[in-house]
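S.K.: Take a look at this one; I'll ask things after.
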Amino acid sequence: MSTLSEDERDIVALAGEFVDERVRPRVRDYESVDKYPAEFIEEMKKMGFFGLLAPAEHGGADVSAACFARVTEELARGWMSLAGAIGGHSVITYLIRAFGTPDQRERYLPPMADGTLRATMALTEPGGGSDLQAMRTHAVADGDDLLITGSKTWISNARHSGLIGLLCVTDQDARPAHQGMSVLLVEPGEGLHISKNLPKLGYRGVEACELVFDRMRVPASAVLGGAPNEGWAQMMRGLEVGRIQVAARAVGVAQAALDDAVTYAQERESFGKPIWKHQSVGNLLADMATKVQAARLLTEDAARRLDEGVRADMEAGMAKLFASEAAMQVALDAMRVHGGYGFSKEFEVERYFRDAPLMILGEGTNEIQRNVIAAQLIARNPIN
Ligand SMILES: Cc1cc2nc3c(=O)[nH]c(=O)nc-3n(C[C@H](O)[C@H](O)[C@H](O)COP(=O)(O)OP(=O)(O)OC[C@H]3O[C@@H](n4cnc5c(N)ncnc54)[C@H](O)[C@@H]3O)c2cc1C
1 MSTLSEDERD IVALAGEFVD ERVRPRVRDY ESVDKYPAEF IEEMKKMGFF GLLAPAEHGG
61 ADVSAACFAR VTEELARGWM SLAGAIGGHS VITYLIRAFG TPDQRERYLP PMADGTLRAT
121 MALTEPGGGS DLQAMRTHAV ADGDDLLITG SKTWISNARH SGLIGLLCVT DQDARPAHQG
181 MSVLLVEPGE GLHISKNLPK LGYRGVEACE LVFDRMRVPA SAVLGGAPNE GWAQMMRGLE
241 VGRIQVAARA VGVAQAALDD AVTYAQERES FGKPIWKHQS VGNLLADMAT KVQAARLLTE
301 DAARRLDEGV RADMEAGMAK LFASEAAMQV ALDAMRVHGG YGFSKEFEVE RYFRDAPLMI
361 LGEGTNEIQR NVIAAQLIAR NPIN
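What follows is the structure in structure tokens.
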């Protein structure tokens with residue numbers, strides 16, 4: 001927090017107030033019935049949360065990745081789904097900002113900054129999300145256009161997005177396959193079918209859907225940056241932002257679980273004293289607090305590296321791996337502290353426990369993060 005500018009600290013504080021005053025008192029009204037949180041999203045637009053990573057010249061807040069992570073954490077402390085609503089959107093903002101043509105930047109960044117245009121990213125396919133190089137969705141030239149065929153699944157915020165950052169194959173003969181991939185900036189229209197919302201354990205309120213592209217026609221100018229077959233490297237850079245965002249979501253969920261456990265452990269008594277005074281419960285709280293802080297610092301470290309403009313895939317992977325596993329454990333331990341009430345819908349703890357696993361699976365599973373970390377570890381420390 002100390003490394004943020006004064007303006008950035010104000011933005012984080014604004015997110016915290018929004019969560020405490022608006023979100024936490026009402027989250028159950030939406031979450032329990034899986035209702036889209038339209039009013040929260042509108043408020044988030046007004047507060048500029050969809051434009052955190054957009055450049056100031058295009059109306060964005062243009063904050064550091066470290067500030068973006070802290071705002072994400074605050075939103076997730078209230079409800080992880082709200083942090084998810086700015087997740088893919090912010091990755092695509094970052095990609096257009098970093099790699100977009102002047103026309104793409106002019107067309108998309110201003111409405112993305114104020115949230116009137118929301119974006120999602122589409123990588124995962126029904127046949128697999130980890131092995132992205134085996135993806136089948138492809139686009140072929142047809143005159144001045146491209147025709148897209150294939151399907152993507154688990155695409156968050158699909159119905160509410162006016163722009164899809166689609167990773168697909170544009171050169172089917174390229175070997176290795178990643179050299180023949182592009183990111184297409186696709187505006188939903190004829191030829192795109194969006195399935196009904198996929199039912200899920202947590203991360204409720206915001207939808208995840210399957211997208212089917214049936215020879216969907218887009219102009220060749222939809223290729224991010226204008227030149228095809230650059231998409232893999234572009235998206236890998238975007239995923240550094242995405243993984244820092246997922247790590248920050250995990251920190252927020254873990255912090256919420258810790259806060260609730262600390263409160264409950266002082267209110268609840270057994271054997272004539274508050275339960276935190278039983279050493280087993282006190283130790284649980286101590287370990288939970290330590291994990292949350294370690295996860296936050298790893299996330300901040302990865303974000304700082306991104307802000308310095310250097311490769312951050314190992315650090316983002318470490319943050320995402322550690323923070324998500326910590327969030328799952330802290331959510332479970334918060335349930336232990338609450339005893340039987342932790343299992344009850346009367347308390348928020350069961351929601352943290354349902355939301356935490358997504359951070360283990362999403363934005364590349366933790367097994368994939370370990371592969372990324374190990375590969376970078378060796379690449380940065382070769383013995384010859
Ligand atoms: C609620 C939700 C929202 C999502 N939102 C989006 C979104 O907006 N956009 C998007 O593109 N995707 C999204 N996803 C998809 C998510 O990123 C994928 O589910 C994830 O990447 C894993 O892919 P998979 O489900 O196909 O699992 P698989 O790739 O089939 O993996 C299955 C298992 O095998 C393991 N595994 C696979 N390969 C390896 C390997 N090489 N080494 C070690 N272990 C391996 C995995 O770790 C996992 O344990 C979302 C998913 C969910 C559940």
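Numbering (UniProt numbering), first residue to last: 1 to 384. Don't be surprised by glycine CBs; every beta carbon is placed ideally from N, CA and C.
#1: Which residues does DSSP pair with THR149 in a beta bridge?
#2: Is the beta carbon of LEU53 closer than 7 angstroms to that of PHE40?
#3: Within this structure, are the beta carbons of LEU224 and LEU185 separated by less than 7 angstroms?
#4: Ligand 1 heavy atoms versus the CB of ILE244: any closer than 6 angstroms?
#5: Less than 6 angstroms between C-beta atoms, sequence neighbours within five positions excluded: which residues of the same chain meet that for ASN384?
#6: Considering only the beta carbon of each residue, do GLN255 and ARG77 sit closer than 7 angstroms?
#7: Which same chain residues, not among the five before or five after GLY226, have their C-beta less than 7 angstroms away from its C-beta?
#8: Are the CB atoms of ALA177 and GLN234 within a distance shorter than 7 angstroms?
#9: Quick one: is the Cβ of GLY231 within less than 6 angstroms of any heavy atom of ligand 2?
#10: Taking 6 angstroms as the cut-off, is the beta-carbon of GLY129 closer than that to any non-hydrogen atom of ligand 1?
#11: Is ALA208 near CYS168, with beta carbons less than 7 angstroms apart?
#12: So, at 7 angstroms on beta carbons, what are the nonlocal neighbours of GLY282 in its own chain, with the 5 sequence-adjacent residues on each side left out?
#13: Please state the DSSP three-state secondary structure of LYS35.
#14: Report the CB separation of ALA257 from VAL330 in whole angstroms; it is logged as a contact under 8 angstroms.
#15: Less than 7 angstroms separating the beta-carbons of ARG204 and MET80?
#16: In terms of DSSP beta bridges, what is GLY128 paired with?
#17: Nearest to MET359 by alpha carbon, out of LYS320, SER344, LYS345?
#18: Quick one: using the 10 Å Cβ neighbour count with 16 as the cut-off for buried, is MET1 buried or exposed?
#19: Could you give the distance in angstroms between the alpha-carbon of ARG107 and the alpha-carbon of GLY143?
#20: Using 7 angstroms as the threshold, is the C-beta distance between VAL129 and ASP355 below it?
#21: Check whether the Cβ of TYR203 sits closer than 6 angstroms to any heavy atom of ligand 1, and report yes or no.
#22: Taking 6 angstroms as the limit between beta carbons, can you name the residues of its chain near ILE92, skipping five residues before and five after?
#23: Compare the C-alpha of PHE353 against each of ARG268, GLU346, GLU363, ALA327 and name the closest.
#24: Please state the DSSP three-state secondary structure of ALA375.
M.R.: The short version:
#1: HIS138
#2: no
#3: yes
#4: no
#5: none
#6: yes
#7: THR101
#8: no
#9: Summarising the ligand content, the structure contains ligand 1 and does not contain ligand 2.
#10: yes
#11: no
#12: TRP276
#13: coil
#14: 5 angstroms
#15: no
#16: GLU125
#17: LYS320
#18: Note that MET1 scores 47 on pLDDT, short of 50, meaning its location in the model is unreliable and no value can be drawn from it.
#19: 23 angstroms
#20: The residue you asked about is not Val; residue 129 is Gly in the sequence shown. Their beta carbons are not under 7 angstroms apart, which means GLY129 does not touch ASP355 by this criterion.
#21: yes
#22: ALA119, MET121, GLY165
#23: ALA327
#24: helix
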